[in-house]
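If you read the protein sequences in the order shown, they are chains G and P.
Counting with the numbering used here, you get residues 5 to 115 for the letters of the first sequence.
Counting with the numbering used here, you get residues 112 to 226 for the letters of the second sequence.
Some notes on the structure that comes next.
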Amino acid sequence: SQTIHQWPATLVQPVGSPLSLECTVEGTSNPNLYWYRQAAGRGLQLLFYSVGIGQISSEVPQNLSASRPQDRQFILSSKKLLLSDSGFYLCAWRGIDYGYTFGSGTRLTVV
Amino acid sequence: AQTVTQSQPEMSVQEAETVTLSCTYDTSENNYYLFWYKQPPSRQMILVIRQEAYKQQNATENRFSVNFQKAAKSFSLKISDSQLGDTAMYFCAFSDPSSYNDMRFGAGTRLTVKP
Chain G
5 SQTIHQWPAT LVQPVGSPLS LECTVEGTSN PNLYWYRQAA GRGLQLLFYS VGIGQISSEV
65 PQNLSASRPQ DRQFILSSKK LLLSDSGFYL CAWRGIDYGY TFGSGTRLTV V
Chain P
112 AQTVTQSQPE MSVQEAETVT LSCTYDTSEN NYYLFWYKQP PSRQMILVIR QEAYKQQNAT
172 ENRFSVNFQK AAKSFSLKIS DSQLGDTAMY FCAFSDPSSY NDMRFGAGTR LTVKP
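Dropping the structure here:
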């Protein structure tokens, strides 16, 4: 069966520090992968999606970047975090039934 | 562009009663999928139910069922025999399978089940 892993679960980082969030998928190949951000009590904002290794599409210009170095690995990064980068980050992959399966999320607090 | 609208930011229901969450969407596509996701306080997004647009029969999953009205572009979620564990944020979502960037989410409805 397919599973998705996302880590870390919680992260507190100072302003100006780098960021790396990782997401991996098991049990499938060449998945479509997605990074979302969610502010407290709000909806989901699509940040990046990828349809294959090295293929990244950005939905929102911002302080973040994404990479897909391996088929089932999707990384969200920043060189210098801003206070506004705080939020809850979710990774997801699209199944053959077109539904999304989400990771457990990362709660990022920039201080 | 497809849009998904959830007009009820917050709702509450007494335990064991039934509640219906509303969702409308806008699309010119004929083939698409609709979903309801639940996000409990843990913030894990959990798929509740899925509906294929070409199927007229409404989807059901145990206590969860939908009322899919394709002509009206309406997709409501009914929760029967509400339980305390149903307390969560519920998101309606639309998926266009012809696009990689296909999923559109509503703003969510916060449901509280009261004992």
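Using N, Cα and C, we set each Cβ at its ideal position, and we do this for glycine too.
Task: Neighbourhood of glutamate 121(P) by C-beta, 6 Å cutoff - its chain only, sequence neighbours within 5 removed - done: By 1-based counting over the second sequence, the position of residue 121(P) is 10. The answer, listed in chain order, is Arg221.
- [ ] Would you verify that the beta carbon of phenylalanine 78(G) is, or is not, closer than 8 Å to some beta carbon of chain P?
- [x] Stepping through the first sequence from its first residue, residue 78(G) is reached at position 74. Taking 8 Å as the CB threshold, phenylalanine 78(G) stays off the interface with chain P.
Open item on the list: So phenylalanine 205(P) and glycine 219(P) are supposed to be a Cβ contact under 8 Å. How far apart are they, rounded?
Closed with: For the purposes of this step, residue 205(P) is taken as residue 94 along the second sequence, with counting starting at 1. For the purposes of this step, residue 219(P) is taken as residue 108 along the second sequence, with counting starting at 1. With a beta-carbon spacing of about 14 Å, phenylalanine 205(P) and glycine 219(P) fall beyond the 8 Å limit used to define contacts.
TODO: Can you pull the chain G residues whose beta carbon is under 9 Å from the beta carbon of serine 161(P), in chain order?
DONE: On the second sequence, residue 161(P) is found 50 positions in, with the first residue counted as 1. Reading the sequence as shown, one finds arginine at residue 161(P) and not serine. Scanning chain G for C-beta atoms nearer than 9 Å to the C-beta of arginine 161(P) yields Asp101, Tyr102, Gly103, reported in chain order.
Open item on the list: For a quick check, are the C-beta atoms of glutamate 172(P) and isoleucine 190(P) less than 8 Å apart?
Closed with: For the purposes of this step, residue 172(P) is identified with residue 61 of the second sequence, where counting begins at 1. For the purposes of this step, residue 190(P) is identified with residue 79 of the second sequence, where counting begins at 1. The answer is no: Cβ separation not under 8 Å.
Open item on the list: Please list, in chain order, the chain P residues whose beta carbon lies closer than 7 Å to that of tyrosine 53(G).
Closed with: Mapped onto the first sequence, residue 53(G) falls at position 49. Proximity of chain P to tyrosine 53(G) at the Cβ level (cut-off 7 Å) is accounted for by Tyr211, Asn212, in chain order.
Open item on the list: By the 9 Å beta-carbon criterion, what residues does the stretch 166-193 of chain P contribute toward chain G?
Closed with: Interface annotation for the stretch 166-193 of chain P against chain G: empty, criterion Cβ-Cβ distance under 9 Å.
TODO: Note down, in chain order, each residue of its chain lying with its Cβ closer than 7 Å to the Cβ of valine 114(G), except the 5 sequence neighbours on either side.
DONE: The sequence position of residue 114(G) within the first sequence is 110, counting from 1. Cβ within range, chain order: Gln17, Val19, Leu85, Leu86, Leu87, Asp89, Ser90.
TODO: With a threshold of 16 other CB atoms inside 10 Å of the CB of tyrosine 165(P), please say whether the residue is buried or exposed.
DONE: Here residue 165(P) corresponds to residue number 54 of the second sequence, with the count starting at 1. Answer is exposed; the Cβ neighbour count stays below 16.
Open item on the list: On the DSSP letters alone, give me the boundaries of the beta strand (DSSP E) that methionine 156(P) sits inside.
Closed with: Residue mapping note: residue 156(P) aligns to position 45 of the second sequence, counting from 1. Methionine 156(P) -> no beta strand (DSSP E), and no H or E assigned at all.
Task: 8 Å Cβ cut-off: residues of chain P touching glycine 47(G) - done: For the purposes of this step, residue 47(G) is taken as residue 43 along the first sequence, with counting starting at 1. Those are Phe202, Phe216, Gly217, Ala218, Gly219, listed as they occur along chain P.
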